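First residue of the sequence shown: 697, per the numbering used here; consecutive thereafter. Structure first, commentary second.
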Amino acid sequence: MTTKRMMVAAATLVVAAGAASAQTLKAEIPFTFRTGETVMAAGTYRIGWIYRQSGQAMFRLGSEDGHNAVLLVPKASGDPRKTWLEANKPVLSFECGVSRCALVGLWTGPDTPAYVLPRPKLGRDEPASVAMVAMRPDKAD
697 MTTKRMMVAA ATLVVAAGAA SAQTLKAEIP FTFRTGETVM AAGTYRIGWI YRQSGQAMFR
757 LGSEDGHNAV LLVPKASGDP RKTWLEANKP VLSFECGVSR CALVGLWTGP DTPAYVLPRP
817 KLGRDEPASV AMVAMRPDKA D
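Right under this line is the structure:
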């Protein structure tokens, strides 16, 4: 088995084991978006909290129909935005350019840091806007 296949298999086991024990949040994302190199269609998504043994936070983002899922590995964490704290609701943050939106951050709620996700670069003079999507606890948990 190649190293790449072994890494994918290990990541799959981590995702499966972690997803079963983590609280899951749900979000209705009304637009197509990118996360890393993956394009995700508008729809309902579940976001599950996962940890590696090192304590590095990871999240599983999967479509409600189960057909699409990605592993989100934050590149940094920090204090949530003041507006997020005031709203007191978990949130996904997107950076939108002329032709696409990308998932760039998430906050799972009180007493947790906000996480920054890797983002694709916008065009040199491309204007950007920010879109927020609230998350809620998934009752299927």
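Glycine included, every Cβ here is placed at the ideal spot set by N, Cα and C. These figures come from a predicted structure and were not determined experimentally.
- Shown here, ALA783 sits in a helix according to DSSP, grouped into three states.
- Around the C-beta of GLY819, fewer than 16 other C-beta atoms lie within 10 Å, and the residue is accordingly described as exposed.
- Distance from ALA798 to THR740 at the Cβ level is roughly 19 Å; contact not present, criterion being Cβ atoms closer than 8 Å.
- In the DSSP assignment, SER795 falls outside any beta strand (DSSP E), carrying neither H nor E.
- With respect to VAL829, VAL787 sits close: the two C-beta atoms are nearer than 8 Å.
- For VAL769, no beta strand (DSSP E) segment is defined, and its DSSP state is neither H nor E.
- Ranked by how close their Cα comes to the Cα of GLU791, the residues GLU822, HIS763, ASN764 have GLU822 in first place.
- In the DSSP assignment, GLU724 falls within the unbroken beta strand (DSSP E) covering 720-725.
- Per DSSP, ALA737 is not a residue of any beta strand (DSSP E), being assigned neither H nor E.
- Between LEU813 and GLY801, the CB-CB gap stays under 8 Å.
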